[in-house]
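Colleague: If you're matching them up, the sequences are chains W and R in order. Numbered continuously in my numbering, the first sequence closes out at residue 130. Numbered continuously in my numbering, the second sequence closes out at residue 519.
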Amino acid sequence: EDQVTQSPEALRLQEGESSSLNCSYTVSGLRGLFWYRQDPGKGPEFLFTLYSAGEEKEKERLKATLTKKESFLHITAPKPEDSATYLCAGFKAAGNKLTFGGGTRVLVKP
Amino acid sequence: KAGVTQTPRYLIKTRGQQVTLSCSPISGHRSVSWYQQTPGQGLQFLFEYFSETQRNKGNFPGRFSGRQFSNSRSEMNVSTLELGDSALYLCASRTTVAGANVLTFGAGSRLTVL
Numbered sequence: 021e022d023q024v025t026q027s028p029e030a031l032r033l034q035e036g037e038s039s040s041l042n043c044s045y046t047v048s049g050l051r052g053l054f055w056y057r058q059d060p061g062k063g064p065e066f067l068f069t070l071y072s073a074g075e076e077k078e079k080e081r082l083k084a085t086l087t088k089k090e091s092f093l094h095i096t097a098p099k100p101e102d103s104a105t106y107l108c109a110g111f112k113a114a115g116n117k118l119t120f121g122g123g124t125r126v127l128v129k130p
Numbered sequence: 406k407a408g409v410t411q412t413p414r415y416l417i418k419t420r421g422q423q424v425t426l427s428c429s430p431i432s433g434h435r436s437v438s439w440y441q442q443t444p445g446q447g448l449q450f451l452f453e454y455f456s457e458t459q460r461n462k463g464n465f466p467g468r469f470s471g472r473q474f475s476n477s478r479s480e481m482n483v484s485t486l487e488l489g490d491s492a493l494y495l496c497a498s499r500t501t502v503a504g505a506n507v508l509t510f511g512a513g514s515r516l517t518v519l
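1. Using a Cβ-Cβ distance cut-off of 8 Å, determine whether Gly513 of chain R contacts chain W.
2. Is Gly121 of chain W near Cys43 of chain W, with beta carbons less than 8 Å apart?
3. Strictly below 7 Å CB to CB, what residues from chain W border Phe450 of chain R?
4. Following a CB-centred definition, is Thr25 of chain W positioned closer than 7 Å to any heavy atom of the ligand NAD?
5. Taking contact to mean at least 3 C-beta pairs separated by less than 8 Å, is the stretch 456-468 of chain R in contact with the stretch 76-96 of chain W?
6. For Ile95 of chain W, which beta-bridge partners are listed by DSSP?
7. Quick check: the stretch 93-104 of chain W against the stretch 437-446 of chain R, are there 3 or more CB pairs under 8 Å?
8. If Gln441 of chain R sits next to Ala492 of chain R, beta carbons under 8 Å apart, how far is it from one beta carbon to the other, in whole angstroms?
9. In terms of alpha-carbon separation, which member of W:Thr46, W:Gly36, W:Ile95 and W:Val126 lies closest to Ala109 of chain W?
10. Given Thr119 of chain W, which residues of its chain have a CB within under 8 Å of its CB, disregarding the five upstream and five downstream residues?
11. Could you run through the stretch 61-87 of chain W and flag, in chain order, every residue whose CB is less than 7 Å away from some CB of chain R?
12. Determine whether the Cβ of Leu529 of chain R lies closer than 8 Å to any Cβ atom of chain W.
13. For Asp59 of chain W, which residues of its own chain have a beta-carbon under 7 Å away from its beta-carbon, when the five flanking residues on both sides are left out?
14. Count the other CB atoms within 10 Å of the CB of Pro64 of chain W; is the residue buried (16 or more) or exposed (fewer)?
15. Check each candidate in W:Arg57, W:Lys62 and W:Leu31 and name the one with the smallest Cα separation from Leu107 of chain W.
16. Taking only beta-carbon positions, decide if Gly447 of chain R is within less than 8 Å of chain W.
17. Output needed for Thr425 of chain R: all residues of its chain with C-beta closer than 7 Å, excluding positions within five of it in sequence on either side, in chain order.
18. On the DSSP letters alone, give me the boundaries of the beta strand (DSSP E) that Phe111 of chain W sits inside.
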């Protein structure tokens, strides 16, 4: 059975305190992996698509990396506005059937 | 370019009723998928449509159904509502940007079943 597991479930950071979120996956026929950010009461907001081991993508204070078994989302010098739930999801070659992890709730305190 | 539009944003129903949710994808997008989000189960895939054809279906009972129209707008229907159907229902449309898959979600329809 396809599975995506995120850790930790929750993360409290001080402003400026860098950290990493983990997403491990066992998805047969995985084509790639998405990272999303979700604010309370809103739909997930697209951040990155990663396709192959060794690939890296960056956007502002966020950097996503991919290995053969897991992906990391690094948050460098976070600000309070980075507080959100971060979701990763694996997808296969065809279609939009994503397998989501449970998410990591990040709280950045000023 | 307008994003993915879902209506209604909030609704309250009672057990046994049925509900229809609507989704308009980003203009030009022909692929629409639906997800259910609950605190206990997280985000789970419901179904996917492309050019009015269902391409994929998740592990949900037959009470959950959907369709897509020729203008790519999609609806999902839940019949004989149960308390456990209370959830945020999310619609997404897919495109390819610089060779990468991008799945864009709407704001969701929050269903409460009493």
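Just so it is clear, CB atoms sit at the ideal spot from N, CA and C, and this is done for glycine as well.
Modeller: In this structure, then:
1. yes
2. yes
3. Lys117 and Leu118
4. No copy of the ligand NAD occurs in the structure displayed, which carries no ligand at all.
5. no
6. W:Ser39 and W:Leu82
7. no
8. 5 Å
9. W:Thr46
10. Asp22, Gln23, Val24, Tyr45, Val47, Ala109, Gly110 and Phe111
11. Only Lys62, Gly63, Pro64, Phe66 and Thr69 from the stretch 61-87 of chain W bring a Cβ to less than 7 Å from some Cβ of chain R.
12. Residue 529 of chain R cannot be examined here, being either before or after the span of chain R that is shown, 406 to 519.
13. Ala104
14. buried
15. W:Arg57
16. Put simply, the CB of Gly447 of chain R is near chain W, with a gap under 8 Å to one of its CB atoms.
17. Only residues of its own chain outside the window of five on either side were considered, and among them Glu480 and Asn482 have a CB closer than 7 Å to the CB of Thr425 of chain R, listed in chain order.
18. Ala104 to Lys112
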